[in-house]
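Colleague: Next up is a structure, given as structure tokens.
Residue numbers (my numbering), protein chains in the order written: chain U, 1 to 148; chain W, 149 to 709.
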């Protein structure tokens with residue numbers, strides 16, 4: 001099972017992981033040069049939290065072993081895939097109760113800003129063969145993928 | 149430096165060069181591409197604003213404005229105008245020095261190699277003067293006085309130089325430029341924080357800077373240089389690293405200001421100076437062309453066959469040229485003199501001399517070119533180079549690339565030499581376009597960079613696609629250096645062209661890609677385009693003509709349109 005491992009000491013807060021995530025999940029075709037950075041439809045699945053002491057905490061979905069979000073999901077939209085270990089989200093089954101948002105211990109899950117009817121959730125870049133674009137874009141190596 | 153040298157170099161369209169760089173025992177820019185491959189997405193989009201201490205500010209859905217309130221459009225326009233203004237400043241510096249050189253030669257009653265060029269400019273400017281030197285001085289003064297006008301006074305030569313329908317358009321749009329140097333200053337002021345926030349207004353300034361850069365920085369730099377340095381003549385010449393002859397004391401030149409080498413290149417062939425080289429064990433001196441100033445010497449090479457060896461390569465070939473070991477000194481005066489040549493020069497004991505402080509390299513000696521003391525400065529430079537040659541040659545291994553490049557490359561193409569080649573007018577070319585034998589004309593110009601697929605990859609691929617579709621390609625800039633080292637400027641390259649263009653090339657014995665030389669010669673392409681439009685009686689946008697700076701690198705490449 002593969003996980004994104006965060007070494008927050010290395011993070012510079014450049015938000016390149018967020019831009020990469022927005023580009024990876026945009027609905028329109030194109031390159032990073034024409035990605036609309038002001039459009040909330042392109043919002044990122046990860047974010048950088050400022051600790052207040054000049055350091056940063058990259059907040060990423062951990063695809064937890066015992067995922068609180070899955071356990072609190074009444075509609076079955078969130079599932080733990082037993083093979084890959086990833087926590088998957090099925091938008092069509094989502095009941096918009098946001099219990100997952102309430103229960104996520106890392107505070108990474110959030111309602112989408114435009115329709116507020118679904119959640120914004122890391123899918124480990126399934127469309128790119130499960131190689132997360134955020135990891136590829138980090139200039140500091142603060143996030144990496146590890147077999148756990 | 150990277151630990152693993154061989155495995156991380158970027159691709160090059162020039163495969164022998166790519167192989168050569170891969171096996172080098174030290175790091176080059178081609179090695180560093182990998183280490184810098186993670187790019188900042190905000191920087192790529194131009195929406196990182198670091199103009200004030202509130203920044204850097206970046207635009208995201210949660211933060212659509214910078215702290216000052218600037219939108220993405222304002223931030224992009226400010227960054228763009230700043231880049232165009234600095235790029236324009238670079239070219240205006242070049243034309244200023246070029247005009248000063250013409251004036252100096254005129255005042256000293258020196259040699260006027262291009263009398264036709266002088267007469268043509270004097271006529272365009274409306275200068276009537278019998279004495280040839282006074283005529284040259286007045287031409288130079290006309291350019292200089294325009295450059296130094298304030299921003300609120302329009303430059304006087306624009307109307308005389310521009311194609312009438314274009315001029316009318318510019319006047320209507322209110323983008324006729326004031327004094328070229330002041331326009332740069334105006335642009336820099338305008339894009340500072342908390343001044344202009346109107347993207348359209350700032351982009352109009354970019355157009356203004358484009359006009360002053362195009363007419364003065366590019367077109368007039370060429371035409372002024374033609375007066376003193378001679379007009380281009382079409383001929384065949386060798387290109388690539390094969391031009392380097394280790395039996396000579398070799399000086400690699402980098403920059404954009406051919407005029408600064410006028411005296412030195414003449415002096416290096418004088419008997420007493422050649423004897424200095426012979427006393428050190430060499431046959432004499434050779435200038436090895438690199439970057440745009442090398443293209444300029446190649447273009448006018450018919451006048452300098454004795455001293456100029458040929459053009460070895462473009463900006464991102466410079467490290468490889470030095471790595472041959474046969475270069476004894478680098479004389480630089482402008483971009484593109486890569487900082488990355490410094491460790492290589494140190495390692496191979498290559499003397500670095502800079503003759504214009506704007507391009508002072510960290511480990512180069514500054515021997516500033518000035519008109520008053522140039523005899524003395526030139527002697528000093530020559531002595532230092534001879535000393536470098538004597539000290540280094542026995543300690544340095546040669547890694548020559550004698551097979552690199554091509555022998556029979558067509559060069560010396562200009563608006564004048566091409567028209568002469570066609571029989572004194574543009575009708576033959578127009579006829580070929582009308583008949584469809586040549587479908588159109590494309591300029592592939594500008595720099596080389598290492599990120600658009602690799603070194604010259606996009607430029608060369610684009611050129612191949614164009615000629616395959618019967619579109620003739622004209623080049624100017626480091627694109628020329630890349631394309632010629634890939635063999636597309638030899639008459640044999642006709643085989644890569646579409647059937648119609650191929651037939652034309654084979655009949656005339658020319659390649660499907662014509663090399664106009666340095667990026668400054670984009671100004672010559674503008675003249676060709678204008679004269680074609682005049683011949684047909686249309687405005688420029690009606691011509692089947694496109695221009696692409698496929699691998700543009702920096703500010704000057706944004707300003708030179």
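All C-beta atoms in this analysis are idealised placements derived from N, C-alpha and C, irrespective of residue type, glycine included.
According to the Cβ coordinates, are residue 120 of chain W and residue 618 of chain W closer than 8 Å?
Modeller: The shown model of chain W, from 149 to 709, leaves out residue 120 of chain W, and the question about it has no answer.
Colleague: Return the residue from the list U:60, U:40, U:45, U:13 that minimises the CA-CA distance to residue 6 of chain U.
Modeller: U:60
Colleague: So for residue 625 of chain W, helix, strand or coil by DSSP?
Modeller: It is coil, neither helix nor strand.
Colleague: Apart from the five residues on each side of it in sequence, which residues of its chain come closer than 7 Å, Cβ to Cβ, to residue 576 of chain W?
Modeller: 570
Colleague: In angstroms, rounded to a whole number, what distance separates the CA positions of residue 503 of chain W and residue 524 of chain W?
Modeller: 13 Å
Colleague: Is there a Cβ from chain W that is less than 8 Å from the Cβ of residue 113 of chain U?
Modeller: yes
Colleague: Can you give me the C-alpha to C-alpha distance between residue 334 of chain W and residue 110 of chain U, rounded to a whole angstrom?
Modeller: 47 Å
Colleague: Which bits of chain W does residue 38 of chain U rub up against, with CB to CB less than 7 Å?
Modeller: 207, 209, 212, 220
Colleague: Alpha carbon to alpha carbon, how far is residue 441 of chain W from residue 483 of chain W? Give it in angstroms, no decimals.
Modeller: Looking at the two C-alpha atoms, the distance is approximately 10 Å.
Colleague: With burial defined as no fewer than 16 other Cβ atoms inside 10 Å of the residue's Cβ, what is the status of residue 465 of chain W: buried or exposed?
Modeller: buried
Colleague: Answer with yes or no whether the minimum CB distance from residue 193 of chain W to chain U is below 8 Å.
Modeller: Using a CB distance cut-off of 8 Å, residue 193 of chain W counts as an interface residue toward chain U.
Colleague: Any idea if residue 236 of chain W is buried or exposed, counting beta-carbon neighbours within 10 angstroms, 16 or more meaning buried?
Modeller: buried
Colleague: Tell me the rounded alpha-carbon separation between residue 218 of chain W and residue 697 of chain W.
Modeller: 30 Å
Colleague: Quick check: what's the CA-CA separation for residue 705 of chain W versus residue 355 of chain W?
Modeller: Pairing residue 705 of chain W with residue 355 of chain W, the inter-Cα distance amounts to about 13 Å.
Colleague: With H, G and I counted as helix, E and B as strand and the rest as coil, what does DSSP make of residue 484 of chain W?
Modeller: coil
Colleague: If you measure from the beta carbon of residue 702 of chain W to each beta carbon in chain U, is any gap under 8 Å?
Modeller: no
Colleague: Cβ of residue 20 of chain U less than 8 Å from any chain W Cβ?
Modeller: Chain W places a beta carbon closer than 8 Å to that of residue 20 of chain U, counting this residue as a contact.
Colleague: Could you pull the start and end residues of the beta strand (DSSP E) that residue 237 of chain W belongs to?
Modeller: Segment 220-255 is the alpha helix (DSSP H) holding residue 237 of chain W; no beta strand (DSSP E) there.
Colleague: Could you please give the first and the last residue of the uninterrupted alpha helix (DSSP H) stretch that includes residue 137 of chain U?
Modeller: In the DSSP annotation of this structure, the continuous segment of the alpha helix (DSSP H) that includes residue 137 of chain U starts and ends at 133-137.
Colleague: Taking the C-alpha atoms as reference points, what is the distance between residue 633 of chain W and residue 445 of chain W?
Modeller: The alpha-carbon atoms of residue 633 of chain W and residue 445 of chain W are separated by roughly 16 Å.
Colleague: Please report the straight-line C-alpha distance between residue 627 of chain W and residue 443 of chain W, rounded to a whole angstrom.
Modeller: Their Cα atoms are separated by approximately 11 Å.
Colleague: Let me see if you follow: with CB-CB separation under 8 Å, is residue 11 of chain U close to chain W or not?
Modeller: no
Colleague: Compute the distance between the beta-carbons of residue 448 of chain W and residue 553 of chain W, then report whether it is under 8 Å.
Modeller: no
Colleague: Give me the residue from W:393, W:242, W:647, W:692 with the minimum Cα distance to residue 505 of chain W.
Modeller: Of W:393, W:242, W:647, W:692, the smallest CA-CA separation from residue 505 of chain W is found for W:242.
Colleague: Opposite residue 211 of chain W in the DSSP bridges: which residues?
Modeller: DSSP, once it has assigned bridges, lists W:208 as partnering residue 211 of chain W.
Colleague: How big is the Cα-Cα spacing for residue 574 of chain W and residue 311 of chain W?
Modeller: 16 Å
Colleague: Please report how far the alpha carbon of residue 485 of chain W lies from the alpha carbon of residue 200 of chain W, in whole angstroms.
Modeller: 30 Å
Colleague: Show which residues of chain U have a CB atom less than 9 Å away from the CB atom of residue 190 of chain W.
Modeller: 14, 15, 16, 19, 37
Colleague: Can you list the residues of chain U that residue 465 of chain W reaches, using a CB-CB cut of under 9 Å?
Modeller: Per Cβ cutoff of 9 Å: no residues; residue 465 of chain W is ~28 Å from chain U at best.
Colleague: Pick helix, strand or coil for residue 617 of chain W, following the three-state DSSP scheme.
Modeller: Coil, per DSSP.
Colleague: Alpha carbons only, please: which of W:254, W:436, W:302 is nearest the one belonging to residue 373 of chain W?
Modeller: W:254
Colleague: How far does the beta strand (DSSP E) with residue 500 of chain W in it reach, from first residue to last?
Modeller: 499-502
Colleague: Which chain U residues sit within Cβ distance under 9 Å of residue 156 of chain W?
Modeller: Chain U residues near residue 156 of chain W: none, gap ~17 Å exceeds 9 Å.
Colleague: Within 10 Å of its beta-carbon, does residue 251 of chain W have 16 or more other beta-carbons around it, so buried, or fewer, so exposed?
Modeller: buried
Colleague: Can you pull the chain W residues whose beta carbon is under 9 Å from the beta carbon of residue 32 of chain U, in chain order?
Modeller: 187, 189, 192, 193
Colleague: I want to verify the contact list: residues of chain W whose CB lies under 8 Å from the CB of residue 23 of chain U, in sequence order.
Modeller: What residue 23 of chain U touches in chain W, judged by beta-carbon distance under 8 Å, is 189, going in chain order.
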